[in-house]
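Each remark here refers to the structure printed beneath this line.
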Amino acid sequence: MSDFLLHIAIIAAIYGIVSISLNLQAGVSGMMNFGQIAFFGIGGYAAAITASAGYSALAGVLVGVVVAAAAGAVIGRLGRNLDAEYWAIATLGIAEIFRIVLINEGWATGGAGGIGSPVQLFPMLEGRSQLLAVLALAVACMLVCLAVAGRLTERQFGRMMRLLREQPDLSVSFGHDIVACKVRAMAIGAAIAALGGALSTYYIAYISPGDLLPFGTFLIWTMVIIGGIGNHWGAVLGAFVVQFIFVGALFLKDVLGFPSELAGALRMMIVGILLLTFLMTRPEGAIPERLRKINAQD
Amino acid sequence: MMQFLVDSLLRAGDLMLVTLGLSTVYAMVRFPNMAQTEYATIGAFVGLLLSGFGMPLWLCVVLSALVTGIVAVALHRFAFARLLRSSPVIAMIGSLAVAMIIRSAIQAVAGTRSERFKLPIDVPHQFMGAVITTTQIVVLAVTALVVVAFLLLLFRTNLGRSMRAVAAQPDLARACGISSGRVVDIIGFLGGAFAAIGGTLLAIGSQVHFNLGHDALLPVFAAAIVGGLGSPVGAIFGVLLLALVETLVTNLNFGPLVGETFLYVPLAYGPAAGFCLLVVTLMFRPRGLFHSESKRV
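So the sequence lines, in the order shown, correspond to chains A and B. Number 131 in the working numbering belongs to position 131 of the first sequence; there are no gaps in the numbering. Number 131 in the working numbering belongs to position 131 of the second sequence; there are no gaps in the numbering.
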């Protein structure tokens, strides 16, 4: 039982990392990225492919983070003059292209069946102590991401991004290079998401195109919105809430004797209703973004 | 060659009505409604349910369009109109939540198995070297009929004129005495009804499945955006272009280019070609091919 709780906590921490990455782009910078799951996938597949080729976990994480950051920068640059809704659909489309390529290029990616990772994070440990070590690593990574995202948001970069989100024209008139801002926000967010993807692949020892469906991105969005868009602690809270809904639906299935496909529908419905309820009654989320008030008359 | 054109047309027919509804509704409400493709699933299931009662097929299509249109208007009033008060972005994410709820509800009620309309088995016709079934001809004809009727409504009637006025300048339209709320309701109804007709026709041609609308989400949005969100004519053009590109990429023999006899792109890359079309279009025309800021009504 407690092994199961450890597992839940590890997955929640990984979700937390991915949720922070989207919050940095969508919450702080106002970029409607609907393809975030693809960056998670880049990290995950980089881990699995390098591990199959015999490289260590550190190398796999590095490759994933660098490739994802580069991809994020390219996408940010390509989409520099798109409106929010066009940008959202374009990123959704790019993530689907990525997934279709993964399915079809089976020689490298294992095709639709996915690919395993022979490298473990802590091969010298066994059983419970291994789980504990992975949990410690995942939480540590999450806290580092939280600290990095928090620092970025508080400093000049964050101010520029919030101005870009609220008043893009004003931002340009101040002489900010908004294309460079967008490219940096995309690259940093993509790198963080890739870290989450790599951790997930090493921990579960497997990744497949089925993990990268658009629904994955919608789930990350749900975490960010219910936690509090623009607030990194909120993003983490949202990740834990969504993870516990998922586990709760599994328990309901066992307690009430639902068939598993009904449980799948049920948890999607709970997530959808929660998201809609928050948007309609509390769009700022559980922990709202704290904006510094400046009194113009002083 | 003829078969290639027929295949493209059939693909276009699958996506046409849903896309037309999406783009037209966007012109009114100014946010892309991601639940629009789920209306197609609702329509298909309502149609299937009614045909189970032994109703003639045309009546099933009409009734399912009515029901789905009403659902679409109700959802707009209850959810999207309120969300729009926050911002279009919030409304878009909200439409995603609505889509998830609809899809999971259908999955919970109808299960994950796919069903079929009970139709007599078709004899395929030979038409200038291409093979096409009677059902496919009827589906294409009905789709074309709805599209033409909608274009006549939009460009030849007073109602259509007020729709275009509200789309172009909502405040000015209201100042001219156009009841914009009523126009938005009518368009919302038509959007839902078109999605239902499209979904039912799609289901008649293949199967009814809870993922029917979700599977169409990306191609439909790609086509609507390539044409320019908010432009009905653009949507029609976008669907035709998308269908042509998808079919072309998987049917073209690229062998001679690289010095081999046969080299075909795998069939599974068809959808990817559509999304590539989307990305390339947006790089050169950030708001689609048919976008224009202001136009004469």
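Glycine included, each C-beta is placed from N, C-alpha and C at the ideal position.
Practice task
Taking a Cβ distance cut-off of 7 angstroms, strictly less, list which residues of the segment 212-246 of chain A are near chain B, in chain order.
Solution key: Phe218, Trp221, Ile225
Exercise for the section: Determine, using beta carbons only, whether Ala89 (chain B) comes closer than 7 angstroms to chain A. Expected result: Position check: residue 89 (chain B) holds Val in this sequence, whereas Ala was assumed. Chain A has a Cβ within less than 7 angstroms of the Cβ of Val89 (chain B).
Exercise for the section: Say whether the segment 268-278 of chain A touches the segment 90-98 of chain B, bearing in mind that this needs 3 or more beta-carbon pairs closer than 8 angstroms, one atom from each stretch. Expected result: yes
Practice task
For chain A, find out if any of its Cβ atoms is closer than 7 angstroms to the Cβ of Phe221 (chain B); answer yes or no.
Solution key: yes
Problem - Leu172 (chain B) versus Gly227 (chain B): straight-line alpha-carbon distance, rounded - result: 26 angstroms
Problem - Min CB distance Phe254 (chain B) to chain A below 7 angstroms - result: no
Problem - Within 7 angstroms, strictly: CB atoms of Thr19 (chain B) and Val220 (chain B) - result: yes
Handout entry: Where Ile83 (chain A) meets chain B, residues with beta-carbon distance less than 8 angstroms
Key = Looking at the sequence itself, residue 83 (chain A) is Asp, so the reference to Ile does not match. Within chain B, the residues near Asp83 (chain A) are Pro286, Arg287.
Exercise for the section: Spell out whether any CB of chain A is found under 7 angstroms from the CB atom of Leu244 (chain B). Expected result: no
Exercise for the section: State the start and end residues of the unbroken alpha helix (DSSP H) segment that holds His209 (chain B). Expected result: Counting along the chain, His209 (chain B) sits inside no alpha helix (DSSP H), nor does DSSP assign it H or E at all.
Exercise for the section: Go ahead and pull the three-state DSSP assignment for Glu154 (chain A). Expected result: helix
Handout entry: Backbone secondary structure at Gln3 (chain B) - three-state DSSP
Key = Gln3 (chain B): helix per DSSP, three-state reduction.
Handout entry: Endpoints, beta strand (DSSP E) assigned at Thr112 (chain B)
Key = No beta strand (DSSP E) holds Thr112 (chain B); DSSP gives it neither H nor E.
Exercise for the section: Note down the Cα distance separating Ser208 (chain A) from Ala112 (chain A), rounded to an integer number of angstroms. Expected result: It is roughly 7 angstroms from the alpha-carbon of Ser208 (chain A) to the alpha-carbon of Ala112 (chain A).
Exercise for the section: Apply the 10 Å Cβ neighbour rule to Tyr15 (chain A) and answer buried if 16 or more other Cβ atoms are within range, or exposed otherwise. Expected result: When all chains shown are included, Tyr15 (chain A) counts as buried.
Problem - Selection of the segment 91-108 of chain B by Cβ proximity to chain A, strictly under 9 angstroms - result: Residues of the segment 91-108 of chain B whose Cβ lies closer than 9 angstroms to any Cβ of chain A, in chain order: Ala91, Met92, Ile93, Gly94, Leu96, Ala97, Val98, Ala99, Met100, Ile101, Ile102, Arg103, Ser104, Ala105, Ile106, Gln107, Ala108.
Problem - Validate contact between the segment 227-240 of chain A and the segment 7-27 of chain A using beta carbons, cut 8 angstroms, 3 pairs - result: Contact between the segment 227-240 of chain A and the segment 7-27 of chain A is present: 3 or more CB-CB pairs across the two stretches fall below 8 angstroms.
Exercise for the section: Answer yes or no: do Val239 (chain B) and Ala223 (chain B) have a C-beta to C-beta separation smaller than 7 angstroms? Expected result: Contact check for Val239 (chain B) against Ala223 (chain B) passes: the beta carbons are separated by less than 7 angstroms.
Exercise for the section: Select from B:Thr281, B:Arg287, B:Cys276, B:Asp7 the residue whose C-alpha is nearest the C-alpha of Val131 (chain B). Expected result: B:Asp7
Exercise for the section: Work out the CA separation of Val241 (chain A) and Ala286 (chain A) for me, nearest whole Å. Expected result: Those two C-alpha atoms are separated by around 11 angstroms.
Practice task
Return the CA-CA distance between Gly13 (chain B) and Thr134 (chain B), expressed in angstroms with no decimal places.
Solution key: Those two C-alpha atoms are separated by around 14 angstroms.
Practice task
Tell me, to the nearest whole angstrom, how far the beta carbon of Leu75 (chain B) is from that of Ala40 (chain B); I am working on the premise that it is less than 8 angstroms.
Solution key: That belief does not hold up - the Cβ atoms of Leu75 (chain B) and Ala40 (chain B) are roughly 14 angstroms apart, past 8 angstroms.
Problem - Candidates B:Pro256, B:Arg11, B:Thr247: closest to Pro266 (chain B) by CA position - result: B:Thr247
Practice task
Report the residue from A:Phe34, A:Ala194, A:Ala140 whose alpha carbon sits nearest the alpha carbon of Thr217 (chain A).
Solution key: A:Phe34
Handout entry: Reference Ser56 (chain A), options A:Val179, A:Gly106, A:Ser117, closest by Cα
Key = Answer by Cα proximity: A:Ser117.
Exercise for the section: Could you confirm whether any beta carbon from chain B is found closer than 7 angstroms to the beta carbon of Ala90 (chain A)? Expected result: yes
Practice task
Using alpha carbons as the reference points, say which of B:Leu241, B:Ile106, B:Phe45, B:Leu190 lies closest to Gly199 (chain B).
Solution key: B:Phe45
Practice task
Helix, strand or coil for Ile121 (chain B), going by three-state DSSP, please let me know.
Solution key: coil
Handout entry: Which listed residue (B:Ala167, B:Arg164, B:Leu201, B:Phe237) has its alpha carbon closest to that of Val142 (chain B)
Key = The shortest C-alpha separation from Val142 (chain B) is found at B:Leu201.
Practice task
Look at the alpha carbon of Val63 (chain A) and the alpha carbon of Ala190 (chain A), and state the distance between them as a whole number of angstroms.
Solution key: 13 angstroms
Handout entry: Contacts of Ile103 (chain A) in chain B (Cβ-Cβ under 8 angstroms)
Key = Within chain B, the residues near Ile103 (chain A) are Ala268.
Handout entry: Own chain residues within Cβ distance below 8 angstroms of Val123 (chain B), not counting five before or after
Key = Thr133, Thr134
Handout entry: Proximal chain A residues relative to Gly111 (chain B), where beta-carbon distance stays under 8 angstroms
Key = Glu261
Problem - Collapsed DSSP secondary structure at Gly177 (chain B) in the structure displayed - result: coil
Problem - Minimum length 4: unbroken alpha helix (DSSP H) runs contained in the segment 249-293 of chain B - result: 255-258, 270-284
Practice task
Specify, as a first and last residue, the run of the alpha helix (DSSP H) that Ala180 (chain A) falls within.
Solution key: 178-204
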